[in-house]
Amino acid sequence: MLKDVENLEKVEKPSRTTFRLRNLEVFPNTILSPMDGVTDAPFRRLCRVLSGDRMGLLVSEFVPTDGDAVFNLEGHKQLRFFPEERPFGVQIFGRFPDKMADAARKIAVALKPDYIEVNAGCPAPKVAGKGSGSGLLRDLPRLQEILHDVCAALDGCGVDMPLTLKCRIGWDSESINVLETLRIAEGEGVEMLTVHGRTRLQGYNGLADWDWIGKVAAAARIPVIGNGDVNSVEVARERIENYGVSGVAIGRGAMHNPWIFGQIADAWEGKPKRVITAGEALDVFKLYYGFKIEDGSTDKGAEGRLKQLAARLCKGFCLDDATSGSDVAMQVRQALLSSSCAAELLDRAQSLKEGVAKDLVFDPGRLVNLNGAKETELKFGDQFKGR
Ligand SMILES: Cc1cc2nc3c(=O)[nH]c(=O)nc-3n(C[C@H](O)[C@H](O)[C@H](O)COP(=O)(O)O)c2cc1C
């Protein structure tokens, strides 16, 4: 076992362990940050089961509203959620206030999630380039109109439904406008703001700027949830204490460590930190595969998701002297990623567990930069220069 992990086994709870969203008292003060193509119902179920059902808030992958002439609930598989996932939010994105309001009203009335969220953070060219997602940060009057119309639609739909917003700190470092976004959001009746501490131009590169997140939290009357690079109980605690946020949203950190919400809840409940063994980490693939198949995924689809998880999760393996990227850890990752099908990946996970992985520990908290090699190679920010 790692020495420093031993020392950190009991993490003191922060001064804040819950936050309030209208009538909901949320514990722990965490959100599984939405990730398109990742946080579908089976992935959310995986995190929920591994965390003993203590997830804070769950939210859908983002749902487009621009495409259809008339918003059609049946056309969007991201809208499916299960009663045990509550409290659950549905996130929508688009650039037309009337379409956003129509979608929000239909979702609220038919599906009755616990809240609706507007996305003003997505950096992808096909979203931001067309003026929605983080594109709204370049057109705050339009963002204001969207929030106004969605809020009015929710107020008038006869269902008790708070509106929340998720944004980045601005379009680029020359135009950081997150305090203005906060002012508009509060003015239009938004009841919680999640701030991802990067600009759109940054994509997922570099590290999130928590100083800006802290400034927003200090200025806000509504709960502000900080987001960006939280990957351990220790980091979650430090962010809540040092930046005054009401809670933290965790995205990629949950792919590296799907137990993270339970570990946070344990710490906030005064329990010792649960150390996950390499064997337990390798067992997770079988569980996830079962959830994907039960959810109607094809075998090929499930294989893709197993590899997506393996690529992140295996980065947490190291030798017990904390050697990062050790040969054995690399060998485990390569063996899983080069499997020819899901069955082979599951077989390999089992043999590795009984073989070389016995020498490994699982300590994803030591990863500082959650960018995958691919994201770094792509020079994500450069793609958007001047657009
Ligand atoms: C593959 C991927 C898909 C994402 N999809 C969404 C999305 O649908 N809605 C959203 O608000 N943010 C989305 N995000 C952003 C994350 O929710 C989060 O803000 C970001 O990854 C930073 O947090 P992290 O450092 O904890 O990962 C996505 C991120 C990734 C990596």
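According to our numbering, the sequence shown holds residues 18 to 404 in order.
By construction, the Cβ of each residue, glycine as well, lies at the ideal position given by its N, Cα and C atoms.
Could you check whether Asp115 and Asp83 sit closer than 8 Å to each other, using their CB atoms as the reference points?
Not closer than 8 Å, so no.
Give me, in chain order, the residues of the same chain whose beta-carbon lies closer than 7 Å to that of Ala295; leave out the 5 immediate sequence neighbours on both sides.
Within the same chain, Ala295 has close Cβ partners Phe334, Ala374, Leu377, Val378 and Phe379.
Going along the chain, which residues of its own chain have a beta-carbon closer than 6 Å to the beta-carbon of Ser249, five neighbours each way excluded?
Gly382
Using the rule of at least 16 other Cβ atoms within 10 Å of the residue's Cβ for burial, across every protein chain shown, is Ala7 buried or exposed?
Residue 7 lies beyond the residue range present for the chain, which begins at 18 and ends at 404; the question has no answer from this structure.
With hydrogens ignored, establish whether the beta-carbon of Cys139 is closer than 7 Å to any heavy atom of ligand 1.
yes
Could you pull the DSSP bridge partners for Lys183 from this structure?
Asn136 and Thr211
To which residues does DSSP link Val43 through a beta bridge?
Phe36
Under the criterion of a Cβ to heavy atom distance below 7 Å, does Leu387 qualify as lining ligand 1?
yes
Can you tell me which of the three DSSP states Ile257 falls into?
Under the three-state reduction of DSSP, Ile257 is assigned to helix.
Is Lys183 near ligand 1 - that is, is its Cβ less than 7 Å away from at least one heavy atom of it?
Yes, the beta carbon of Lys183 sits closer than 7 Å to at least one heavy atom of ligand 1.
With hydrogens ignored, establish whether the beta-carbon of Tyr260 is closer than 7 Å to any heavy atom of ligand 1.
no
Cα separation between Arg200 and Lys317?
46 Å
Which residue wins for smallest C-alpha separation from Leu157, given the options Ile193, Ala170, Asp172 and Asp177?
Selected option, being the one with the closest Cα: Ile193.
Using the Cα positions of Leu180 and Asp131, report the straight-line distance between them to the nearest angstrom.
Approximately 9 Å between the Cα atoms of the pair.
Residue environment, Cys331, which counts as buried when at least 16 other CB atoms sit within 10 Å
Cys331 should be labelled buried.
Bridge-paired residues (DSSP) for Gln108:
Glu134
Cβ pair Gly152, His213 closer than 8 Å
no
Residues bridged to Gly264 (per DSSP):
Ile242
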